[in-house]
Every structure is written in C-alpha cells, then in structure tokens.
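*Asks:* Mind having a look at this structure? Questions to follow.
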Amino acid sequence: MKSRTFLLTLTLFLLFFYSGILLASVVTLKSNLDSSKDRSLREHYFIASSYAKDLNALEKRGESPESGVVSLYRSYFDFYSKQKVILTIAKDGRSIANDFMEESQAFPLPPVISKKAERLISLEKVENKEYISVAGTLPVPYDMYTLVYYYDVSAVISAWSQMTVTLFGMGMLFSALLAICLMLVLNRVFKPLQQIRTASKSIAQGQYGNRIEVKGHDDLAEMAESFNHMAEEIQSQIQQLATAAQQKQQFADNLAHELRTPLTAIYGYAEYIQKVVRTEEDKLFATNYIMSESRRLQNIAYRLLDMATLRENKLELSSVRMDELLREVEQSLTMKAAEQNISITYEYCFDRLVCDADLLHILLVNLLDNAMKACGQDGAIRLVADLENGHKVISVQDNGKGMGEDHLAHITEAFYRVDASRSRSGGGAGLGLTLCQQIAANHGAKLSFSSELGRGTTAKLTFTSC
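Numbering (the working numbering), first residue to last: 1 to 466.
Below, the structure is given as structure tokens:
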C-alpha cells in the first residue's frame with residue numbers, strides 16, 4: 001500500500017512538474033522568438049527604406065540602379081554582418097548581390113514576392129545555425145528588387161536549450177529530494193497503519209494485550225486511540241467470555257458433584273432395602289434418608305428452574321408496601337425461627353419500594369434463611385430497611401460465627417458452601433445466594449456482604465436506581 005501510494009504520488013508529481021517545466025520553456029522560447037521577429041521586421045523595413053533612398057541618391061549622380069545595388073550592398077553587408085545579420089538582394093528570383101560575399105553564398109535564393117507590399121517571415125536553418133528570415137521588396141520605384149534579412153537567433157535558441165537542460169537537471173535534483181521527503185512523510189503516515197496491522201495480527205493470534213503507541217493530537221493519533229479502545233473492548237469481552245466459560249464449566253462440575261452424592265446415596269439405600277433383610281426400623285431410616293436426598297435434588301432442580309426463569313423473563317415492577325412485604329417474609333420464617341429459638345426483628349424507614357414483590361420475597365427469605373443457619377440456636381437477626389446516601393438499602397444482620405475474607409469472595413457462586421457438612425445436613429443446595437445475586441442484578445441493585453469471624457455477617461442490598 002505504501003509503495004503504491006509512493007509511486008503513484010511521485011509519478012503524478014513528476015508528470016505535472018516536468019510538464020510545467022516544458023510548458024514554461026516553450027512559452028519562453030516563443031516569447032524570445034516573437035521578440036526577435038518583431039525586431040527583424042522593424043530592421044527589415046528600416047534597411048529597405050534606407051537602401052531605396054541611397055539607391056535613389058546614386059541614380060541622381062548618374063549611376064545605374066544595377067551597379068548602385070551592388071555598390072550599396074557591400075557597405076550594408078559589412079555593417080549588419082557585425083550585428084549577426086546577413087542581407088541578400090535578388091531580382092526576378094535571381095541573387096544579384098551575394099555572389100562575392102562569402103558569408104551570404106550559403107543562403108538559399110530568396111522567395112518570389114507576389115505582392116509588392118508583402119513581407120514573408122520564417123525560421124530557417126543554414127549551416128547549423130538558426131535564422132529569422134524576412135523577405136520583402138524595396139520601396140517603389142525599386143520594387144523589382146527583393147531584400148532578404150537573416151537574423152541569427154542561434155544564441156537565443158542555444159540559451160533556451162541550456163536553460164531547459166538546467167531546469168530539467170534542477171528538476172531531477174528536486175524530484176530526488178522530494179522523493180526522499182515523500183518517503184519520510186509516507187513512513188510517518190503509514191506507521192500507525194503498520195502498527196495497526198501488526199497489532200491486529202497479534203490480536204488475531206490471541207495476544208490481546210498489544211497496544212499502539214499514541215503520539216500527538218492529530219487524526220492519526222485519534223485513529224490509534226480508537227484502535228486501542230477497540231482492542232481494550234475486545235480484550236474485555238474475551239476475558240468476560242473466558243470467565244463466563246470458566247464459570248459455566250465450574251457450574252457444570254459442581255452440579256455433577258452435587259447430583260452424584262445424593263444419587264449414590266439413594267441408589268445405595270435402595271439396594272440396601274432390596275437385597276438385605278432388615279428390620280422395619282432400618283427400612284424406615286433408609287426410606288427417610290432416600291426422601292431427604294430426593295427433596296434435596298428437588299430443591300436443586302427448583303432453584304435451577306428459578307434462575308433459568310429469572311434470566312429469561314422480564315420483571316413485573318410495582319410499588320410495594322414495605323409493611324406487607326416484611327409481614328409476608330416474617331410469616332414464611334416464623335415457625336423455623338421458633339424451632340431454633342432465633343429472634344428476628346424488622347425495621348423500615350421508607351413505606352414503599354418499586355420492585356418485583358415475589359422475587360424480592362424470595363431474596364429476603366434466602367438471606368434470612370442463611371442468617372438463621374449461621375446463627376444456630378438462640379441467635380438474633382435484624383432486617384433493616386433504611387436510606388444511605390439517598391439510596392434505599394435493605395440489610396440482614398446476624399450474630400453468627402461469621403466468615404473470613406476468602407469465603408466472602410465466593411459465597412455467591414453456585415454450589416459454594418462455607419461449611420459443606422452443615423449445608424448438606426440442612427438440605428441446602430448451594431444455590432440460594434446465586435439466585436439472590438441474580439435477583440438483585442435484575443433489579444439494578446447491588447448485593448454485598450461483610451463479615452467478621454465470631455461477630456456475624458451482614459448482607460446489604462442497595463438499590464442504586466432509587
């Protein structure tokens with residue numbers, strides 16, 4: 001691309017540049033020749049007039065016109081030959097005055113003038129010299145004689161030739177300098193394009209961190225910045241896709257692990273009942289365990305179905321009264337809280353919240369259920385709906401055993417358990433907080449957690465859009 005641009009630009013420039021030089025040279029030559037022709041016409045007229053007057057004076061002295069022409073010719077020829085002018089005189093197409101002048105013998109016979117007042121002007125070459133020729137008759141009564149005036153313009157043409165050669169020589173030097181400058185400019189112009197091509201190849205090969213160095217504030221710099229922004233977006237998208245793929249793989253691995261344990265247990269206890277003679281008490285124990293694991297599988301299936309439905313369906317937002325929402329949440333957890341002797345207090349300082357009531361109910365129940373599991377017997381939980389920095393915030397605080405920072409970073413991942421043995425015994429699927437995270441994201445809210453070992457955990461839902 002750069003080579004083609006260089007050759008095309010240089011060719012077009014040279015074409016117009018040398019055409020301009022040639023045109024200027026031709027115009028200069030024409031102007032000089034026209035000036036010489038004007039001078040030749042004036043001098044021919046002057047010489048013809050003077051020649052006729054002198055010839056008339058000789059004729060009055062008794063000399064014949066024929067001999068007067070020859071005698072006058074010598075003096076005129078000697079005078080004008082010093083000025084690079086050659087004169088010839090003819091009568092009836094025959095030269096009568098140049099036979100004895102060596103310089104004039106090489107010139108052709110003068111043309112025949114049909115009209116007495118006519119003068120013929122032309123450019124002729126004689127013995128490798130260029131002459132402007134002006135042919136015309138002498139004034140009456142000597143109009144039978146033709147005076148031909150030859151003006152040497154070889155010096156003019158030679159000077160023009162030297163000037164043209166000089167111009168073309170200087171043009172060649174200027175063209176070489178221009179070619180160097182053009183190459184430097186094109187290197188500067190195409191350098192970002194070369195960098196973009198190299199970076200594009202690197203990105204295509206998976207090296208997404210390559211960037212173009214941005215210099216200046218011109219269009220090229222803007223183009224480089226745009227490419228860098230595009231590369232950053234591509235890198236970000238690739239990283240997101242890689243993260244999503246990793247999360248999906250981890251999800252599938254965790255799901256397979258979660259399903260394998262209860263299925264193995266169900267199959268083992270079923271085989272235990274079928275093949276071994278056991279007491280009714282043993283069979284009842286095995287049946288209860290099978291039902292427990294089946295409920296856990298059912299719970300996992302329902303949670304997965306809830307998350308799939310939540311991803312595909314749009315929210316049905318409405319203005320929900322906080323007292324009604326909290327009352328329904330309290331009713332859902334009253335019996336379980338009473339069984340574990342856990343006190344739950346509810347506080348709110350705003351009356352309404354724009355949300356999907358059913359989904360927010362699921363989210364709060366999940367948060368409170370996790371808090372109850374963390375507290376154990378005789379625990380205390382507070383659900384507070386308050387305003388922070390102009391945003392509505394719902395927080396669930398417990399006084400349980402808390403967790404470390406290493407667990408906080410993963411608690412919203414599918415099937416992640418801080419205490420795997422406790423969660424299994426309680427029938428947890430490890431999907432509750434994942435579902436909560438998705439519900440919060442669909443509401444444009446932020447779900448965050450803070451915890452301290454031995455002092456409990458706080459889950460905070462911040463509605464950034466209201």
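Just so it is clear, CB atoms sit at the ideal spot from N, CA and C, and this is done for glycine as well. Note that the structure is predicted; figures quoted are calculated from it, not measured.
1) According to DSSP, what are the bridge partners of Lys91?
2) When you compare only the Cα positions, how much space is there between Leu368 and Leu383?
3) Our contact map puts Ser40 next to Ile157 with C-beta atoms below 8 angstroms; I'd like the distance itself, whole angstroms only.
4) For the candidate residues Ser35, Leu297, Met172 and Glu281, whose alpha-carbon lies nearest to that of Thr467?
5) Take the Cβ of Met335 as the centre, count every other Cβ of all protein chains shown within 10 Å, and call the residue buried at 16 or more, exposed below.
6) For Ala204, I'd like the list of residues in its chain whose CB is within less than 6 angstroms of its CB, leaving aside the five on either flank, ordered along the chain.
7) Between the Cα of Leu461 and those of Gly62, Gly390 and Leu363, spot the shortest distance and give me the residue it belongs to.
8) What span of residues does the alpha helix (DSSP H) with Lys373 cover, start to end?
9) Can you tell me where the beta strand (DSSP E) with Gln397 in it begins and where it stops?
10) May I ask you to verify whether the segment 14-24 touches the segment 166-180, counting CB pairs closer than 8 angstroms and requiring at least 3?
11) Can you tell which of Glu280, Ile266 and Ala270 has the C-alpha that lies nearest to the C-alpha of Ser294?
12) Using 10 angstroms around the beta-carbon of Val140, count the other beta-carbons present and answer buried if the total reaches 16, otherwise exposed.
13) Helix, strand or coil, according to DSSP, for Phe495 in the structure here?
14) Can you say whether Phe174 is buried or exposed, counting buried as having 16 or more other CB atoms within 10 angstroms of its CB?
15) With a CB to CB cut of under 6 angstroms and the five nearest residues on each side skipped, what residues in its chain are close to Ser421?
16) So what does DSSP say about Arg39, is it helix, strand or coil?
17) Thinking just about the alpha-carbon of each residue, which of Ser31, Glu281 and Ser448 is nearest to the one in Thr412?
18) Quickly, what does DSSP pair Asp152 with across the bridge? List them, please.
19) Assign Ile381 to one of three DSSP states: helix, strand, or coil.
20) Measure from the alpha carbon of Ile439 to the alpha carbon of each residue in Ala380, Asp386 and His361, then state which is nearest.
21) For Arg321, list the residues DSSP reports as bridge partners.
22) Which one or two residues does DSSP pair with Phe449 in a beta bridge?
*Replies:* Well, looking at it:
1) Arg94 and Tyr145
2) 8 angstroms
3) Incorrect: roughly 15 angstroms between the Cβ atoms, too far for contact.
4) In this structure the chain extends from 1 to 466, so residue 467 is not present and cannot be described.
5) exposed
6) none
7) Leu363
8) Ala357 to Cys375
9) His391 to Asp398
10) yes
11) Ile266
12) exposed
13) Given a span of 1 to 466 for the chain in the structure shown, any question on residue 495 remains unanswerable.
14) exposed
15) Reliability of the predicted coordinates at Ser421 is poor, the pLDDT of 48 falling under 50, and the value obtained from them is presented with this limitation in mind. If we look at Ser421 and ignore the five residues flanking it on each side, it has no Cβ neighbours.
16) helix
17) Ser448
18) Tyr131
19) strand
20) His361
21) Arg352
22) Ala459
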